[in-house]
Amino acid sequence: MLTTLRQRREFLRLASQGRKVAMPGLVLQAAPTLAQKKTGLQPSGQHNTPQQNAPQIRVGFTASKKVGNAVARNRAKRRLRALAADIIGRHGQKGTDYVLIARAQTNERKLADLQKDLCMALSKLSLWRDE
Numbered sequence: 000m001l002t003t004l005r006q007r008r009e010f011l012r013l014a015s016q017g018r019k020v021a022m023p024g025l026v027l028q029a030a031p032t033l034a035q036k037k038t039g040l041q042p043s044g045q046h047n048t049p050q051q052n053a054p055q056i057r058v059g060f061t062a063s064k065k066v067g068n069a070v071a072r073n074r075a076k077r078r079l080r081a082l083a084a085d086i087i088g089r090h091g092q093k094g095t096d097y098v099l100i101a102r103a104q105t106n107e108r109k110l111a112d113l114q115k116d117l118c119m120a121l122s123k124l125s126l127w128r129d130e
């Protein structure tokens with residue numbers, strides 16, 4: 000299952016420390032997840048389980064005003080979320096954070112072409128793993 004990046008500092012960390020590759024339909028940024036100290040009790044008083052401590056895939060989505068108005072930006076992010084759930088969920092490396100950035104062509108490209116773009120981007124960053 001994919002976890003969503005939500006905090007601005009996480010996006011900025013990937014922009015500054017991560018590697019990126021630009022494709023016609025999207026830009027992919029990736030960096031290893033920061034090791035977080037997760038020991039002892041959580042604020043709720045429950046102990047962490049090994050599943051919670053296991054490395055996971057985290058993905059963030061962004062679309063600037065270059066993509067278009069709010070409707071176009073939201074459509075582009077929906078398309079990127081669908082791609083991430085399908086491709087990064089199956090072929091992404093655990094313990095890695097990803098940011099998918101929409102481009103002006105994201106909404107015009109066919110879904111099959113966007114899938115090829117994302118697969119090629121993962122391959123170029125050497126982050127592709129077979130199921």
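Take the sequence shown: its position 12, counting from 1, is numbered 11 in numbering that gives the first Met the number 0, and each next residue is one higher. Ideal placement from N, C-alpha and C gives every residue a C-beta, glycine not left out.
Decide if residue 84 is buried, meaning its Cβ has at least 16 other Cβ atoms within 10 Å, or exposed.
exposed
Beta-carbon proximity of residue 10 to residue 98, cut-off 8 angstroms:
yes
Could you check what DSSP says for residue 4 in three-state terms: helix, strand or coil?
coil
Going by DSSP, what residues sit across from residue 12 in a beta bridge?
Partner(s): none; residue 12 has no beta bridge.
Limits of the beta strand (DSSP E) - the one that residue 57 falls within
56-61
Would you kindly check if the distance between the Cβ of residue 24 and the Cβ of residue 112 is under 8 angstroms?
yes
When the Cα atoms are used, what is the spatial distance from residue 133 to residue 15?
Within the shown structure, residues of the chain are numbered from 0 to 130, placing residue 133 beyond reach of any answer.
Could you tell me whether the Cβ atoms of residue 105 and residue 78 are closer together than 8 angstroms?
yes
Among 129, 1, 107, 102, which has the Cα closest to the Cα of residue 148?
Any question about residue 148 goes unanswered here, given that the chain covers just 0 to 130.
Tell me the residue span of the alpha helix (DSSP H) that contains residue 19.
Run containing residue 19: none in the alpha helix (DSSP H); it sits in the beta strand (DSSP E), 18-21.
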